[in-house]
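Going down the list, the protein sequences come from chains A and B.
Residues 1 to 172, numbered by this note's numbering, are exactly what the first sequence covers, in order.
Residues 1 to 349, numbered by this note's numbering, are exactly what the second sequence covers, in order.
Built from N, CA and C at the ideal position, the CB exists for glycine as well.
Below: the structure, in structure tokens.
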Amino acid sequence: MKCDLCDKPALVHEVVIQNGKRVEMHLCTEHAAAKGYVLPTVPVMQMLQQFASTGKAIKAQKSAARRCEACGLTFAEFRQTGRFGCAACYDAFMPSVAAIIERAQSGAVSHRGRTPKRIEGQADRAAIRRQLVKEIEAAVAAEQYERAATLQGRLHQLGMKTNPAADPPTES
Amino acid sequence: MSDAAVKTLSDSDVVVSVRIRVARNLAGFPFTGRASDAQRQEVLQMVTHAPLGGAFPNGLAWVNMNQASAQERQLLVERHLVSKHFAESTLPRALGLGHSEELGVMVNEEDHLRIQSILPGSRLNDAFELARSFDQALEETVDFAFHPRWGYLTACPTNVGCGIRLGAMLHLPALRYSGEIERVKRAAKDLHLAVRGYYGEGTDAIGNFYQVSNQVTLGASEEELLQHFRDEVIPKLVDYERTARQMLLEKNRPLIEDKVYRARATLKVARLLGAEEATKLLSTLRFGISTGLLHNLTIERVEQLLLQVQPAHLAQIHPFAAEEENGRLSRALLVRRALGDYVEGSPES
């Protein structure tokens, strides 16, 4: 449809009632602007993308500002150097750390080697299960079903069930 | 002689040495990069004064790296006993060294402890046991940072879990000459192996020596990692190199002979030799011996020379080397003298 005032294509369409009469208006960008219509200068998808990425940026900023309370390392610093500051960083930066480790370790999700003699038997099975269950839930929520299945497999490997009550009692 | 012993000896044409490295951190301290100097000193004190329960009857000698001269530190790098990063650092740090040099422990590297055992040939089991005995002896007195899910905690997430890296220094000239090395590197990547240069991460493969090591340290037990590396990774790479050698000799014998005999001739007559040039030429001699092209010279002798031509070693051996800018004159003299005894009178000369 053409603009009412020129031959350019009309982008603004409006129906107004003037003196009890129904009047249709079709205007091109320039004439619409001249008549005082506020027009978006950027296509809506681009605006939405900008909005979305601003959201992402805010999220990324928040995540980068996360800090390990024990040693003061920020997640941004970890991303920059690839080195943790202390043992507590591993828990401080969960679950991002889990994803990074699993990627670096070709998908391995937990330790299967030996445990130091001095803490052998004290390793907190309940804590491992809680953590794994939490990550399974997060993976399902994010529709990462393959990852959820791998974590579920690890849980079974450790002789644990998703429901803690179903677990055999831990040997003391 | 047992089968295992025969296998160990027969691999020396390709496997120069094997290495086990264990990364550990003391619980309750920030990792080295984040710790204060006072905390680093405390870690140093705890480790160097820890009773080791008689695990090492000959004891360990502790080297204070900040008191060592630049040449002494370089000497340790050339022997692969410390990383370049560790040698160049200025943090409070020390190296514990067993008297046979088979066991080394870097304190305050990227992790508080980098236990390292290097043995010539394919003696992975022995290297593993040596590193493990130190690890366990120390674990009797100090607590290591450990997480029920992630295992032994390390500064870099690529070392977490068992904290063990198994490595081998391989001599792969045929794969390099035949252009297959890039394919091997790609295949190694798929097998989660890291292929690095002569002095480890970020260094070149001088003289066609490559360090191959496992990249995955989580999700498998120490024994499984060892078994995989010993029984699958190393034999596969050894076979690959041997096949390439055979093919090169069958299809391109004059080319290979030319390379080997030219290297020998150059080493015998050169008046000036740079460290890298000497390493490359000696590597070609090593290839000549292992393919039966050179006689009256042993791989062990070439290995010894490969070490002696490195700058810090040369300066220790040759009185004039330190006065020369690059030691090229002294190096050439050293090699000429060494090879004169061995190569003259060989069937091909």
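Would you mind stating whether residue i and residue j have Cβ atoms separated by less than 8 Å?
i, j, result
"Ile-100(A)", "Pro-157(B)", "yes"
"Phe-144(B)", "Leu-26(B)", "yes"
"Val-22(B)", "Ala-188(B)", "no"
"Leu-294(B)", "Leu-285(B)", "yes"
"Arg-165(B)", "Ser-213(B)", "yes"
"Ala-396(B)", "Leu-75(B)", "This structure does not reach residue 396(B), given that chain B is present from 1 up to 349, and the question cannot be answered."
"Leu-60(B)", "Gly-98(B)", "yes"
"Ala-87(A)", "Leu-153(B)", "yes"
"Gly-107(A)", "Pro-30(B)", "no"
"Arg-24(B)", "His-112(B)", "yes"
"Thr-32(B)", "Asn-108(B)", "yes"
"Gln-211(B)", "Gly-163(B)", "no"
"Leu-175(B)", "Ala-94(B)", "no"
"Ala-55(B)", "Phe-134(B)", "yes"
"Val-142(B)", "Met-46(B)", "yes"
"Ser-283(B)", "Phe-209(B)", "yes"
"Gln-71(B)", "Ala-315(B)", "yes"
"Phe-146(B)", "Thr-81(A)", "no"
"Gln-41(B)", "Pro-92(B)", "yes"
"Glu-241(B)", "Val-14(B)", "yes"
"Glu-180(B)", "Ala-244(B)", "yes"
"Leu-248(B)", "Tyr-177(B)", "yes"
"Arg-118(A)", "Ser-221(B)", "no"
Leaving out five residues on either side along the sequence, give the residues of the same chain with a beta carbon under 6 Å from the beta carbon of residue i.
i, result
"Gly-161(B)", "Gly-151, Thr-217, Leu-218"
"Lys-280(B)", "Gly-207"
"Glu-14(A)", "Met-25"
"Leu-138(B)", "Ala-50"
"Val-16(B)", "Met-169, His-171"
"Ser-96(B)", "In the sequence as presented, Ser is not what sits at residue 96(B); that position holds Gly. Closer than 6 Å at Cβ, skipping near neighbours: Leu-60, Trp-62, Val-105."
"Glu-232(B)", "none"
"His-156(A)", "none"
"Asn-159(B)", "Ala-23, Thr-217"
"Asn-58(B)", "His-99"
"Ala-148(A)", "Ile-136, Ala-139, Val-140"
"Met-1(A)", "Ala-10, His-26"
"Arg-230(B)", "Leu-124"
Spatial neighbours of residue i within its chain, please: CB distance less than 7 Å, with the 5 preceding and 5 following residues excluded, ordered by chain position.
i, result
"Leu-339(B)", "Leu-267, Lys-268"
"Ala-278(B)", "Val-309, Arg-331, Val-335"
"Leu-151(A)", "Val-109, Leu-132, Glu-135, Ile-136, Ala-139"
"Cys-6(A)", "Cys-28, His-31"
"Asp-11(B)", "Gly-121, Ser-122, Val-238"
Report the partner residues of residue i according to the DSSP bridge assignment.
i, result
"Thr-174(A)", "In the structure as shown, chain A begins at 1 and stops at 172. Residue 174(A) is therefore absent and cannot be evaluated."
"Ile-20(B)", "Ser-117(B), Leu-166(B)"
"Leu-95(B)", "Val-63(B), Met-106(B)"
"Leu-213(B)", "Contrary to the premise, residue 213(B) reads as Ser rather than Leu in this sequence. DSSP, once it has assigned bridges, lists Gly-167(B), Ala-194(B) as partnering Ser-213(B)."
"Glu-24(A)", "Val-15(A)"
"Pro-9(A)", "Lys-2(A)"
"Leu-26(B)", "Phe-144(B)"
"Val-82(B)", "Note: Val-82(B) sits in no beta bridge, so no partner."
"Val-152(B)", "According to the sequence provided, residue 152(B) is Tyr. The question's Val does not apply to it. Paired residue(s): Phe-146(B), Gly-161(B)."
"Val-15(B)", "Leu-170(B)"
Considering only residues of the same chain and omitting the five flanking positions on each side of residue i, which have a CB-CB separation below 8 Å?
i, result
"Ala-5(B)", "The predicted model places Ala-5(B) with a pLDDT of 38, which falls under 50 and marks its position as unreliable; any figure quoted below should be read in that light. Contacts found: none."
"Ile-317(B)", "Gln-308, Leu-334"
"Cys-3(A)", "Pro-9, Ala-10, His-26, Leu-27, Cys-28, His-31"
"Gln-116(B)", "Arg-19, Ile-20, Arg-21, Val-22, Leu-81, Leu-103, Gly-104, Val-105, Met-106, Ala-131"
"Ile-17(A)", "Val-23"
"Lys-7(B)", "Low per-residue confidence applies at Lys-7(B): pLDDT is 42, beneath 50, and the placement is therefore not dependable enough to give any value."
"Cys-89(A)", "Cys-68, Ala-70, Cys-71, Leu-73, Phe-78, Val-97"
"Arg-154(A)", "Val-109, Ser-110, Leu-132"
"Lys-185(B)", "Val-195"
Would you say the beta carbon of residue i comes nearer than 7 Å to a heavy atom of the ligand HEM?
i, result
"Arg-130(A)", "The model on display carries no ligand, and the ligand HEM is accordingly not part of it."
Quiz prompt | Near-chain A residues of the segment 160 to 179 of chain B - C-beta to any C-beta below 7 Å | solution = Val-160, Gly-161, Cys-162
Exercise. Note down, in chain order, all residues in the segment 30 to 42 of chain B with a beta-carbon under 8 Å from any beta-carbon belonging to chain A.
Key: Pro-30, Phe-31, Gly-33, Arg-34
Quiz item: Taking a cut of 7 Å between CB atoms, which residues from the segment 142 to 157 of chain B lie near chain A?
Solution: Asp-143, Phe-144, Ala-145, Phe-146, His-147, Pro-148, Arg-149, Trp-150, Gly-151, Leu-153, Ala-155, Cys-156, Pro-157
Practice problem: Mind checking the segment 208 to 238 of chain B against chain A and listing, in chain order, the residues whose C-beta falls within less than 9 Å of any C-beta there? | Solution: Gln-215, Val-216, Thr-217, Leu-218, Gly-219, Ala-220, Ser-221, Glu-222, Glu-223, Glu-224, Leu-225
Exercise. Return the chain-ordered ranges of every alpha helix (DSSP H) run that is complete within the segment 71 to 116 of chain A and spans a minimum of 4 residues.
Key: Note on the segment 71 to 116 of chain A: whole alpha helix (DSSP H) runs with a minimum of 4 residues are 75 to 81, 89 to 92, 96 to 104, in chain order.
Practice problem: Entirely within the segment 258 to 321 of chain B and at least 4 residues each: give me those alpha helix (DSSP H) ranges in chain order. | Solution: Counting only runs of 4 or more, we get 275 to 290, 299 to 308, 311 to 317.
Self-check item: Residues within the segment 128 to 141 of chain B neighbouring chain A, beta-carbon criterion of under 8 Å
Solution: Gln-136, Glu-139, Glu-140
Practice problem: For the segment 16 to 31 of chain B, enumerate the residues whose C-beta is nearer than 8 Å to any C-beta of chain A, in chain order. | Solution: Asn-25, Ala-27, Phe-29, Pro-30, Phe-31
Quiz item: Relative to chain A, which residues along the segment 94 to 127 of chain B have a C-beta separation below 8 Å, given in chain order?
Solution: Glu-110
Quiz prompt | Positions along the segment 65 to 96 of chain B whose CB lies within less than 9 Å of some CB in chain A | solution = none
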